[in-house]
Amino acid sequence: MDRTTNAIKVSGMKLTNRLVAFVTLIVVCAIFVLFIGGAISFRQLGIDFISHYVDGMVDVIDQEMASEQRNNQYFSRWLPKMLKASDVTSLTIYSETGILYQYEQIQYQTAATQQVITRDIPLDSHPGYAVKLTFVPPYAEFAYSIGPLSSLSAAILVIVLGLAWGIGWLRQQLYGSEVLEQRGRLILAGRLDEAQQGDPREWPIPASAALSQLIEELKEARQERSRFDTFIRTNTFLDQLTGAANRVMFDNRLHTLASDDASQGSVILVRVADWDELVAQHGQEAADQLIQAIGNVLSNAIQRFPDAVLARYFASDFAILLVNQAGDEVHPFLAQITNALDKLAPSEALDKDNWFHLGMTSFGAGERRGRLMDEAERALKAAELTGQNGWSQFDKQISRLDKRGSVRWRTLLESVMAGEGPMLYRQPVFARDGKTRLHYELLGRIKDEKGKVLKASRFWPGVEWVGMDVTFDKATVGRALWWLKTRDYIDNYAVNVSAYSLCQREFVIWLRDALLQTPRSTLNRLLVEVSEGALVSHFDAARPCLRLIAALGCRLVVDQAGRTIVSTHYVKDIQPAYIKLHRSLVRNIHQRPENQLYLRSVLGACEATPTEVLAVGVETNEEWSVVKDLGVAGGQGRLLGAEMSPHPAQKKRRRWGETMTLGRKKTLQQGRGWLEVILIVSILSVLVVIAVPKFYDYEADANVSALKGLKSGIDSALARTYALAEAKQISDQPSQSLIVDGKEVSVKYGYPQMSALPKLVSALQDATHWQIRRYPEQNRVDFIWLFHEQPAPACYLMYQEATASQQASTTLVIGE
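Numbering (this note's numbering), first residue to last: -16 to 799.
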């Protein structure tokens, strides 16, 4: 809000332009005032001059009236010549008894619009007599002449040249202030890196130097704040000696994973025997060296397991959390760790054959963290009783999820891609008030061979295992775009994309083409989510694609923040719209001050940016109240809104069937013979009356949907081509060639010709889906969709080629 207000305050004319406009206005006004005043004075002097001359003429007439021959003939001998020389148009000598003499120039009788001056002067020597004169104002018939007015023209020219020189000098002197102002605008726009180094021409120099010093201090303060935030996060959730997670982070992750209703995994404890004796004999430094060596071995061992967590649980204990690995699947891993630790050379204070032990337990959905750690501790005690290096497993039965190898995963995923693709559940994200919906997050789901719905946490490791990241992300983004185009035009939708796909050229090109064919208003409602840990790992490679997404109008979201401890430098670089906290940080946050401290550090990292923080996994009012008090912008979780299936009615029926008891099912199965017959007959009747006509309407609906998609693609291609043609200044030419999207196409009056459309619209490249009707005499072509290789001519898309008088256009014609 403050940045927007400042931007509004500084908008307007620059200081130099204001001064130049002011000086120019003052000079022009001065010239105008002097010109008007001079003209009025000049005119008045002329009038005074001729009035004085007329007064002298009247005196002469008054003197001649004393003559005895004061008749008309007397005055006609000498007076007309003098009047004509004086530009007197008419003269009348009259008294109360009548007119004594009258004179009027013939050449002025027809000039009705000519400005004249009329005076009525009484004769002083002859009372009762007066002279009425009408004469032309001085300089009335004079035009502009170079000679008489050359001095005035030269004066005006000197003033204009002086004004131009003065303006140029003023601009040169104030150029430094303009550079300084531009630097200030960059700072207000958030482009601090570009404004860090000042221009040597900036003026005033003290202001420029002060600004440079303040920017340097601000950057140092931000770096110190970033280092401090990283220090807080690392000291809160990381062990300082080994760099692994600490007990707090491990317990958070284990609690979140164990409480998930579709998860499984294993917990492994690794303990160094006789730790106190080792510290007593060889000191803390030797003990720390051994702990670091063990941490390196365990860290390298878990690299092949996605989402695995290694933590230093106690001074001499390590804990490992494996996701989606349970029971016998973990035994080879335990043997690998045992062999690797056997190769280490422990201190002389430790028995080489009995200095470390491992305990393992597995868990399924809905188990408690404390119980799991107690089981792992029991297994560890059992390993210690063997009296040698080794491992032990806690004997328990868990509900195991189906185990799949790479072949089964590939088969399942390929069948999903060959079908309708992944299902998209949605969950609302609300603002702080709990009522304003910010957007929906689209959650990918697939069905296994038995029809059971699998969450992304379950099937995504399989996607990465078989290398189908790009394929799956294409299907997910494509369905999300279809959702935006076909559903309501109000809500915003967020879709998850892997950071690995953003680094692949194939996916980037596909995503660019898909977004360019989508209207800008639709892209403004699309949010792209990327996991924080993977984003930081592939940040340099993914940055161009992220900037492309933002440039096209989509917003960026970083989710699962806090799942791994990484730097938040990406916030200043890509400035995502939202950062979503990992659910392990929100779970019981009202009881965990360390999680609150971590959340404060994330909020501090986003202070100087438009990025806002959202809490994910809010399930209780206490959690929601605490995160709101800490300053989050919104939340997502079961408390605010549960996940919604794309087929809610089917989901409800499935849950009802799963919760039905066996006795109830047997009771309902009795006496259903006739009831089933009646039910089947009723269903067939409904199909005949309702469903069958609907089936025939399916072809028409599919036809219209395909034509609407083609219309959207062609309209987008028209807009892109015309914009390029305008830039090349060829939009008014009947035939030209232009490079659009890396392809040379023929354009006509700035729009693509009919033959060039398949190059710009990918939907037309498959000729088996379209039938084309051409009308060359009308500059028109019709596109008809082939439904099961059969044309449906009742509905078609008409493309009207551009002419000199009209633009190119598309029209969707829908028949009955």
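For each residue, glycine too, the CB sits at the ideal point set by N, CA and C.
Comparing C-alpha positions only, which one of the options sits nearest to residue i?
i    : options                   : result
I215 : V796, L580, E784 and T793 : L580
V480 : A291, P110, A544 and A517 : A517
Y705 : D300, A534 and G733       : G733
R254 : G617, Y86, Q371 and T101  : Q371
Q487 : W466, D523, R354 and Y476 : D523
D612 : L368, M627, I572 and C589 : I572
W493 : I142, S389 and D456       : D456
D259 : E358, L333 and G248       : L333
A348 : G111, L157, Y782 and I381 : I381
F316 : S330, M343, D300 and I150 : M343
Y112 : L140, F297, D300 and E79  : E79
T469 : T547, T505 and D452       : T505
W768 : Q761, I755 and E760       : I755
Q558 : S608, A533 and I142       : A533
A746 : G696, D715, S718 and A787 : G696
E605 : L582, S628, R570 and L224 : R570
C537 : L153, Y553 and V511       : V511
F377 : V491, P576 and L252       : L252
Can you find the residues in the same chain that come closer than 6 Å, C-beta to C-beta, to residue i, ignoring five residues on each side of it along the sequence?
i     : result
D222  : N229 and R295
Y561  : V540, E595 and L597
R636  : Below a pLDDT of 50, predicted positions are generally treated as unreliable, and R636, at 40, falls in that range; no measurement from the model is reported.
Q543  : S514, E515 and H565
G461  : none
K694  : L780, T793 and L795
L(-2) : S160
E727  : S720
A785  : K731, Y732, Y734 and A791
I150  : V3
Please check the pair residue i and residue j, which I expect to be a contact at CB under 8 Å, by giving their CB distance rounded to whole angstroms.
i    : j    : result
F58  : Y84  : 4 Å
A498 : C528 : The sequence given here has Leu at residue 498, not Ala. Contact flag wrong, Cβ pair sits at about 11 Å.
L690 : C778 : 6 Å
D474 : Y423 : 6 Å
Report buried or exposed for residue i, applying the criterion of at least 16 other Cβ atoms within 10 angstroms of its Cβ.
i    : result
D325 : exposed
T101 : exposed
Q196 : exposed
V11  : exposed
Q500 : buried
D212 : buried
R441 : buried
K731 : buried
M737 : buried
L368 : exposed
R60  : exposed
R655 : Note that R655 scores a pLDDT of 49, beneath 50, so its modelled location is shaky and nothing firm can be said.
L116 : buried
A137 : exposed
D496 : exposed
G450 : exposed
H832 : One cannot answer for residue 832 here, as it falls past the ends of the chain, which runs -16 to 799.
P717 : exposed
Might you give, ordered along the chain, the residues of its own chain that have their beta carbon closer than 7 Å to the beta carbon of residue i, omitting 5 neighbours on each side?
i    : result
V723 : R703, T704, L707 and L743
R352 : D234, L237, H238 and A241
A458 : M400, G404 and P405
Q308 : G248, S249 and F288
R1   : none
D452 : V446, S481, Y483 and S484
Please work out which residues of its chain come closer than 8 Å, Cβ to Cβ, to residue i, disregarding the five sequence neighbours upstream and downstream, and give them in chain order.
i    : result
A463 : L407, L425, Y476, V478 and L509
A284 : F316, Q319, I320 and A323
E626 : Y408, R409, Q410 and L426
V585 : D212, A544, G545, T551, I562, L564 and V596
I429 : L395, L396, V399, P405, M406, V436, L437 and F442
* **the stretch 444 to 458 in contact with the stretch 390 to 401 per 3-pair CB rule at 8 Å** => The stretch 444 to 458, when compared against the stretch 390 to 401, does touch it at the 8 Å Cβ threshold.
* Asked: Can you find at least 3 beta carbon pairs, one from the stretch 265 to 272 and one from the stretch 200 to 212, that sit closer than 8 Å?
  -> Too few Cβ pairs lie closer than 8 Å, so no.
* Indicate whether the contact test is met: 3 or more Cβ pairs, each with one atom in the stretch 328 to 344 and one in the stretch 278 to 289, closer than 8 Å. => Counting Cβ pairs under 8 Å, fewer than three are found: no touch.
* To do: Decide yes or no for the touch test of the stretch 176 to 187 against the stretch 148 to 162: beta carbon pairs closer than 8 Å, at least 3 of them.
  => Judged by Cβ distances under 8 Å, the stretch 176 to 187 makes contact with the stretch 148 to 162, as three or more pairs qualify.
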